[in-house]
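Numbering (the UniProt record's numbering), first residue to last: 1 to 92.
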């Protein structure tokens, strides 16, 4: 593990803090898509060909096998970054 507790600072101020468990225990995933990707996934935020989505690992695995996405992984720090920058808290 890289750490048990994380603190994220923005210009010296704490903008988020929490445990590793809080980062990874959600149904929020980071997926790699093609730019033409348009599916019924619940997209939370998109960064070019990377998107944060709310889905199950089974749904994403099926999309991966169907070659609709290039890959996926649990979202952690990127989810928190989205919450900080947009002000929208992602509820589990």
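Ideal Cβ placement from N, Cα and C applies to all residues, glycine included.
As the structure is a computational prediction, the values presented were derived from the model and not from experiment.
So, helix, strand or coil for residue 57, using DSSP?
helix
Among 6, 11, 75, 9, which has the Cα closest to the Cα of residue 44?
The residue from 6, 11, 75, 9 with its alpha-carbon nearest to that of residue 44 is 75.
Pick out whichever of 26, 47, 29 has its Cα sitting closest to the Cα of residue 85.
47
Determine the direct distance from the alpha carbon of residue 57 to that of residue 32, and round the result to whole angstroms.
14 Å
Thinking C-beta only, is residue 28 closer than 8 Å to residue 60?
no
First and last residue of the uninterrupted beta strand (DSSP E) at residue 3
No beta strand (DSSP E) contains residue 3, which DSSP labels as neither H nor E.
Can you name the residues that DSSP bridges to residue 74?
29
Would you kindly work out how many angstroms separate the C-alpha atoms of residue 55 and residue 68, rounded to a whole number?
14 Å
Can you give the Cα-Cα distance for residue 73 and residue 30, rounded to whole angstroms?
5 Å
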